[in-house]
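Undergrad:
Numbering (the working numbering), first residue to last: 2 to 113.
#1: Cα separation between residue 4 and residue 26?
#2: Between residue 98 and residue 11, how many whole angstroms is the CB-CB distance? I'm expecting something under 8 Å.
#3: Here's a check: name, in chain order, each residue in its chain whose Cβ is nearer than 6 Å to the Cβ of residue 87, leaving out the five neighbours to either side.
#4: For residue 7, which option in 102, 39 and 54 has the closest C-alpha, if you only look at C-alpha atoms?
#5: Counting beta carbon pairs with one atom in the region 73-87 and one in the region 32-52, are three or more of them shorter than 8 Å?
#6: Is residue 91 helix, strand or coil when you go by DSSP?
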């Protein structure tokens, strides 16, 4: 984090916030697709006959847990971090133009 005058950062904030919100939407779509896929797999497994279920088998629970962590839990953590960055950018936007504000490294790169 570096310090800059809020007025220097203002022109970049709207694009920065929009990009972060777009990243959040993309991550939410990935999570939603995974959950739909899991639901469809579960429905198709439940609709099979008992004999067919015996031969097909089901993913072990620990595999499902690892998939959940990979496709849902970690992306949700990313979303929380992105929302925190958006909140920080909004606080910068609402501050006085003469104030010194902390600027994240990512916003610093965008300004360069």
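We treat Cβ as the ideally placed atom computed from N, Cα and C, and that holds for glycine.
TA: Well, looking at it:
#1: Computed Cα separation, rounded: 30 Å.
#2: Indeed, because the Cβ distance is near 7 Å, the residues count as touching under 8 Å.
#3: Only residues of its own chain outside the window of five on either side were considered, and among them 18 and 21 have a CB closer than 6 Å to the CB of residue 87, listed in chain order.
#4: Minimum Cα distance to residue 7 is reached at 102.
#5: Segments in contact, yes.
#6: In this structure, residue 91 counts as helix in the three-state DSSP scheme.
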